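Undergrad:
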Amino acid sequence: MVQGEEVINLIISSVFIIYLIFLIRWQSNSLRTFWFVGVVLIFCSQIFTVAEGAYFTSLLNILEHLFFTLAIIFFLISIVKKEV
Amino acid sequence: MIAITILNFISFTAIIIILAILLYRSLKLRDPSILILAFAFALLLIITFTNILEHFFGAPDFDKWEDILEIIFIPSIILSIHIKILQSELKNKIISERKFRAIFNNSFSLMGLLDRWGNMIEVNKTAQNFAGKSFSDVDVVPFHKGKWWEHSTEEQEKIKEALFLASKGEIVRFETTHYDGNNEMHYIDFTLTPIFNHKKEIIYYIPEGRKISQLKKAQLELQKHKEKLEELVNEKTKELNLALEDSKKLNKELEGSNKTLKSKNETLRKQRQYLEETLKKLESTQEQLIESEKMASLGTLTAGIAHEINNPLNFILGGITGLDRYLSKQDLSQEEDIKVLIDAIHTGIERISTIIKSLGKYSDVNTDNVNCDINKVLDDCLIILHNQHKNKVEIKKNYVEKPVVFANEGRLHQVFLNLLQNAIQSIDGKGEIAIVTGREEGNIITTISDNGHGIEKKYIKKIFDPFFTTKDPQKGTGLGLYISKKIITDYNGKINFSSSVGKGTKVEVILPEAGI
Numbered sequence: 523m524v525q526g527e528e529v530i531n532l533i534i535s536s537v538f539i540i541y542l543i544f545l546i547r548w549q550s551n552s553l554r555t556f557w558f559v560g561v562v563l564i565f566c567s568q569i570f571t572v573a574e575g576a577y578f579t580s581l582l583n584i585l586e587h588l589f590f591t592l593a594i595i596f597f598l599i600s601i602v603k604k605e606v
Numbered sequence: 016m017i018a019i020t021i022l023n024f025i026s027f028t029a030i031i032i033i034l035a036i037l038l039y040r041s042l043k044l045r046d047p048s049i050l051i052l053a054f055a056f057a058l059l060l061i062i063t064f065t066n067i068l069e070h071f072f073g074a075p076d077f078d079k080w081e082d083i084l085e086i087i088f089i090p091s092i093i094l095s096i097h098i099k100i101l102q103s104e105l106k107n108k109i110i111s112e113r114k115f116r117a118i119f120n121n122s123f124s125l126m127g128l129l130d131r132w133g134n135m136i137e138v139n140k141t142a143q144n145f146a147g148k149s150f151s152d153v154d155v156v157p158f159h160k161g162k163w164w165e166h167s168t169e170e171q172e173k174i175k176e177a178l179f180l181a182s183k184g185e186i187v188r189f190e191t192t193h194y195d196g197n198n199e200m201h202y203i204d205f206t207l208t209p210i211f212n213h214k215k216e217i218i219y220y221i222p223e224g225r226k227i228s229q230l231k232k233a234q235l236e237l238q239k240h241k242e243k244l245e246e247l248v249n250e251k252t253k254e255l256n257l258a259l260e261d262s263k264k265l266n267k268e269l270e271g272s273n274k275t276l277k278s279k280n281e282t283l284r285k286q287r288q289y290l291e292e293t294l295k296k297l298e299s300t301q302e303q304l305i306e307s308e309k310m311a312s313l314g315t316l317t318a319g320i321a322h323e324i325n326n327p328l329n330f331i332l333g334g335i336t337g338l339d340r341y342l343s344k345q346d347l348s349q350e351e352d353i354k355v356l357i358d359a360i361h362t363g364i365e366r367i368s369t370i371i372k373s374l375g376k377y378s379d380v381n382t383d384n385v386n387c388d389i390n391k392v393l394d395d396c397l398i399i400l401h402n403q404h405k406n407k408v409e410i411k412k413n414y415v416e417k418p419v420v421f422a423n424e425g426r427l428h429q430v431f432l433n434l435l436q437n438a439i440q441s442i443d444g445k446g447e448i449a450i451v452t453g454r455e456e457g458n459i460i461t462t463i464s465d466n467g468h469g470i471e472k473k474y475i476k477k478i479f480d481p482f483f484t485t486k487d488p489q490k491g492t493g494l495g496l497y498i499s500k501k502i503i504t505d506y507n508g509k510i511n512f513s514s515s516v517g518k519g520t521k522v523e524v525i526l527p528e529a530g531i
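Chains A and B are the protein sequences, given in the same order.
For the first sequence, the positions run 523 to 606 when this note's numbering is used.
For the second sequence, the positions run 16 to 531 when this note's numbering is used.
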């Protein structure tokens, strides 16, 4: 079952992601960084978090954690590469 | 479940590493954006940790706490990035400011910045160094009341006017003066440029001054030189004009003098010509006088001699006539021996008488012209010259009958005596002279030809020149032919010469026949 907090979380995240894209739009290179991919993967993870309440609970739960882990790895690479 | 647990462990480990790196950097760089990022990852670490507790240790559900933390995570990251961007922009602005300051302060020009009300808010280092003051010393007062212009109220009015024009959007430029820190005056090329914002409103003015003292000095120097040069040119032009005037006057005077000189020259030339002619006439007259005097003396001498010879000759003639009469009375006159002697004496007397007559004619140059028989004249001359040609020259005569010309007999004698004497003298040893008289077209032509040594071609043209002679000084004066030609010319006649060296000379005298 879809939880209201998760939906609100997703909506707020969506707004901030859009704002982030707006913020860095003048730097096209920023969109291709590991850092940005990590943020997008976190966002995807949140989508799966909302979706797992409605469909394929166990599978989407795994995907949620997988995307989260991938996002963290991308953040790590980004930080090691001194992208931020 | 295991897979989720493994993924959570991986995430947890990675986040710890990330956090460690970020905390290290945050401490090292003292960058608030990194600190915020570290805070965001700390939230993630908590979320991952609760997941591990939930899935690995079967702890109660922390989903609500996870959601709250996740809501904070994204804005934290965005805040961090925002700060990062702002920092970057700030950094760029600082760099830009440094660049601007570098250009502004190191510009050769004296530059400043005025706010839209005309107050000085910036002065570059060049201007400060020039003025010997730091910006803090420069009063924040309206630009036209600043220390730059205090030396002249006129300059203050000028800058006020410039600010007014610049406020209308014009770029104003003029030349002005400033005093530097050493109180030395400099010429400045000043510009006031208005700066507009995107709404085309004036937000600043840029006053800019370029030192042009050297240029100005050179210009002033040039101007002075130019003025001096112009003055010099004017002065020289005046002098030239005066000189021109003088030269015109002088020219006129010279023209006048030239005309006078030409006139005088012409007069002199005429006088010279006249003098030359007079001299020639004088020379000719002198020669004639000499010759006339000579002839007169000769005439007087021959007349005297003739007269003196005539008296004794008359005695002889009377004596011989008386002797002849006496001998006839004594019947001795028929004696052959006596007769021969008496005839010889008669012949001698006759010859003496003839010679004396001829001499008398030769000396008779002052009498009037009469009809003269050329043949007789020639014969008289031959008698006079008898002594010179006898036994040496054979005379061959071929006379025309009665060749009469109207002339002075004495002067004709003079001519032919000269010609015959020349012919005789040209013959060395024995020779021949042919004398021919003829009549042709109303003229009497007398030709005297000899077979003497002749005259060289180069002398033919000179033979009528006075004092020209090829003879020894004792034998000739060089005036004979000159006088002869003159006499013949006086009677409208001609005298022609043709000669060939070694063959002889032929003289032709042409005189108009006298009308009988």
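Even glycine gets a Cβ: it sits at the ideal position worked out from N, Cα and C.
As the structure is a computational prediction, the values presented were derived from the model and not from experiment.
Are the beta-carbon atoms belonging to Thr555(A) and Glu605(A) less than 7 Å from one another?
TA: As a first step, residue 555(A) is located in the first sequence; it is residue number 33 there, counting from the start. As a first step, residue 605(A) is located in the first sequence; it is residue number 83 there, counting from the start. Yes.
Undergrad: Compare the C-beta of Thr555(A) with all C-beta atoms of chain B and state if any pair is closer than 7 Å.
TA: Within the first sequence, the letter at position 33 stands for residue 555(A). The beta-carbon of Thr555(A) is placed no less than 7 Å from the nearest beta-carbon of chain B.
Undergrad: Between Leu84(B) and chain A, is the shortest Cβ-Cβ distance under 7 Å, so that the two count as touching?
TA: Within the second sequence, numbered from 1, the residue matching residue 84(B) stands at position 69. Judged by the 7 Å Cβ criterion, Leu84(B) is not in contact with chain A.
Undergrad: Out of Ala438(B), Glu323(B), Pro327(B) and His361(B), which has the shortest C-alpha to C-alpha gap to Asp339(B)?
TA: Working through the second sequence from its first residue, we reach residue 339(B) at position 324. Ranking Ala438(B), Glu323(B), Pro327(B) and His361(B) by Cα distance to Asp339(B) puts His361(B) first.
Undergrad: Whether or not the segment 530 to 538 of chain A and the segment 563 to 570 of chain A are in contact is what I'm after, with contact meaning three or more pairs of Cβ atoms, one per stretch, closer than 8 Å; do they touch?
TA: yes
Undergrad: For chain B, find out if any of its Cβ atoms is closer than 7 Å to the Cβ of Phe538(A); answer yes or no.
TA: The count along the first sequence starts at 1 and reaches residue 538(A) at position 16. By this cut-off, Phe538(A) is an interface position.
Undergrad: Is Phe483(B) close to the ligand ZN? I mean its beta-carbon at under 6 Å from any heavy atom of the ligand.
TA: This structure lacks the ligand ZN; in fact it carries no ligand of any kind.
Undergrad: Spell out the partners DSSP gives Arg188(B) in its beta bridges.
TA: Taking the second sequence and counting its residues from 1, one reaches residue 188(B) at position 173. Per DSSP, Thr206(B).
Undergrad: Classify Ser103(B): buried if its beta carbon has 16 or more other beta carbons within 10 angstroms, exposed otherwise.
TA: Walking along the second sequence from the start, residue 103(B) turns up at place 88. It counts as exposed.
Undergrad: Please tell me whether Ile227(B) and Asp204(B) are closer than 7 Å, where the distance is taken between their beta carbons.
TA: For this step, residue 227(B) is matched to residue 212 along the second sequence. For this step, residue 204(B) is matched to residue 189 along the second sequence. Yes. Within cutoff.
Undergrad: Would Leu585(A) pass as an interface residue toward chain B - the criterion being a Cβ-Cβ separation below 7 Å?
TA: Residue numbering aside, residue 585(A) sits at position 63 when the first sequence is read from its first letter. Chain B, which has no Cβ nearer than 7 Å to the Cβ of Leu585(A), makes this no.
Undergrad: Return helix, strand or coil for Thr461(B), following the three-state DSSP convention.
TA: Reading the second sequence from its first residue, position 446 is the one you call residue 461(B). Three-state DSSP puts Thr461(B) in a strand.
Undergrad: Please name the residue in Leu588(A), Ala593(A), Leu598(A) and Ala576(A) whose C-alpha comes closest to that of Glu528(A).
TA: Looking up residue 528(A) in the first sequence gives position 6. Here the closest residue by C-alpha is Ala576(A).
Undergrad: Give the range of the beta strand (DSSP E) segment to which Asn422(B) is assigned.
TA: If you number the second sequence from 1, residue 422(B) lands on position 407. Contrary to the premise, residue 422(B) reads as Ala rather than Asn in this sequence. First-last of the beta strand (DSSP E) with Ala422(B): Val419 to Ala422.
Undergrad: Please state whether DSSP places Glu523(B) in a helix, a strand or coil.
TA: The residue given as residue 523(B) occupies position 508 in the second sequence. Strand.
Undergrad: Where are the beta strand (DSSP E) runs, 3 residues long or more, that stay fully inside the segment 204 to 263 of chain B, in chain order?
TA: 217 to 226
Undergrad: Are any of the Cβ atoms in chain A nearer than 7 Å to that of Pro90(B)?
TA: Against the second sequence, residue 90(B) aligns to sequence position 75. Yes, contact with chain A.
Undergrad: Thinking just about the alpha-carbon of each residue, which of Gly526(A), Phe558(A) and Ile584(A) is nearest to the one in Tyr541(A)?
TA: On the first sequence, position 19 is the one that residue 541(A) refers to. Tyr541(A) has its Cα closest to that of Phe558(A), out of Gly526(A), Phe558(A) and Ile584(A).
Undergrad: Nearest by alpha-carbon distance to Ile371(B): which of Ile324(B), His404(B), Glu416(B) and Gln234(B) is it?
TA: Residue 371(B) sits at position 356 when you count from the first residue of the second sequence. The shortest C-alpha separation from Ile371(B) is found at Ile324(B).
Undergrad: Between the alpha carbons of Asn197(B) and Arg116(B), how many angstroms are there, rounded?
TA: Position 182 of the second sequence holds residue 197(B). Position 101 of the second sequence holds residue 116(B). For Asn197(B) and Arg116(B), the distance between alpha carbons rounds to 26 Å.
Undergrad: Can you tell me which of Val419(B), Thr369(B) and Lys279(B) puts its alpha carbon nearest to the alpha carbon of Ile399(B)?
TA: Residue numbering aside, residue 399(B) sits at position 384 when the second sequence is read from its first letter. Closest by alpha carbon: Thr369(B).
Undergrad: Which residues share a DSSP beta bridge with Pro157(B)?
TA: Residue mapping note: residue 157(B) aligns to position 142 of the second sequence, counting from 1. Note: Pro157(B) sits in a beta bridge opposite Asn134(B).
Undergrad: Please determine, among Ile367(B), Met126(B), Gln229(B) and Ser272(B), the residue with the shortest C-alpha to C-alpha distance to Pro327(B).
TA: Your numbering for residue 327(B) matches position 312 in the second sequence. If we check each option's Cα against that of Pro327(B), Ile367(B) comes out closest.
Undergrad: Within 10 angstroms of its Cβ, does Trp164(B) collect 16 or more other Cβ (buried), or is it exposed?
TA: Numbered from 1 along the second sequence, position 149 holds the residue referred to as residue 164(B). Residue environment analysis places Trp164(B) among the buried positions, since at least 16 neighbouring C-beta atoms fall within 10 angstroms of its C-beta.
Undergrad: Ile31(B) touches chain A at which residues, Cβ-Cβ below 8 Å?
TA: Along the second sequence, read from residue 1 onward, the residue named residue 31(B) stands at position 16. None at all; the shortest Cβ gap to chain A is about 10 Å.
Undergrad: Is there a Cβ from chain A that is less than 7 Å from the Cβ of Ala55(B)?
TA: For the purposes of this step, residue 55(B) is taken as the residue at position 40 of the second sequence. Taking Cβ atoms only, chain A never reaches closer than 7 Å to Ala55(B), which makes this a no.
Undergrad: Using a C-beta cutoff of 7 Å, does Ser41(B) count as contacting chain A?
TA: Within the second sequence, residue 41(B) is the residue found at index 26, counting from 1. For Ser41(B), the answer is no, since every Cβ of chain A falls outside 7 Å of its Cβ.
Undergrad: Any idea if His587(A) is buried or exposed, counting beta-carbon neighbours within 10 angstroms, 16 or more meaning buried?
TA: By 1-based counting over the first sequence, the position of residue 587(A) is 65. By the neighbour-count rule (16 or more Cβ atoms within 10 Å), His587(A) is buried.
Undergrad: Between the C-alpha atoms of Leu545(A) and Ile100(B), what's the straight-line distance to the nearest angstrom?
TA: The residue labelled residue 545(A) in the question sits at position 23 within the first sequence. The residue labelled residue 100(B) in the question sits at position 85 within the second sequence. Their backbone Cα atoms lie some 9 Å apart in a straight line.
Undergrad: Tell me the DSSP secondary structure of Ile367(B) in three-state form.
TA: Here residue 367(B) refers to the residue found at position 352 when the second sequence is read from its first residue. If DSSP states are grouped into helix, strand and coil, Ile367(B) belongs with the helices.
Undergrad: Would you kindly work out how many angstroms separate the C-alpha atoms of Ile33(B) and Lys108(B), rounded to a whole number?
TA: To locate residue 33(B), count along the second sequence from 1; it is residue 18. To locate residue 108(B), count along the second sequence from 1; it is residue 93. Distance between the alpha carbons of Ile33(B) and Lys108(B) is about 31 Å.
Undergrad: Assuming Gln440(B) and Lys486(B) form a contact by the criterion Cβ under 8 Å, report the distance between their Cβ atoms to the nearest whole angstrom.
TA: Mapped onto the second sequence, residue 440(B) falls at position 425. Mapped onto the second sequence, residue 486(B) falls at position 471. Right, their Cβ atoms sit about 7 Å apart.
Undergrad: What residues from chain B crowd round Tyr541(A), counting only those whose CB sits closer than 8 Å?
TA: Here residue 541(A) refers to the residue found at position 19 when the first sequence is read from its first residue. Here the neighbours are Ile93.
Undergrad: Tell me whether the beta-carbon of Pro222(B) lies closer than 7 Å to the beta-carbon of Ala181(B).
TA: Reading the second sequence from its first residue, position 207 is the one you call residue 222(B). Reading the second sequence from its first residue, position 166 is the one you call residue 181(B). Contact: no.
Undergrad: Check whether chain B comes within 7 Å of Thr591(A), counting only Cβ atoms and requiring the distance to be less than that.
TA: Reading the first sequence from its first residue, position 69 is the one you call residue 591(A). Chain B contact via Cβ: present.
Undergrad: Among Glu351(B), Lys344(B), Ala321(B) and Asp388(B), whose alpha-carbon lies nearest the alpha-carbon of Cys364(B)?
TA: Numbered from 1 along the second sequence, position 349 holds the residue referred to as residue 364(B). Looking at the sequence shown, residue 364(B) is not Cys but Ile. Checked all of Glu351(B), Lys344(B), Ala321(B) and Asp388(B); the closest Cα to Ile364(B) is Ala321(B).
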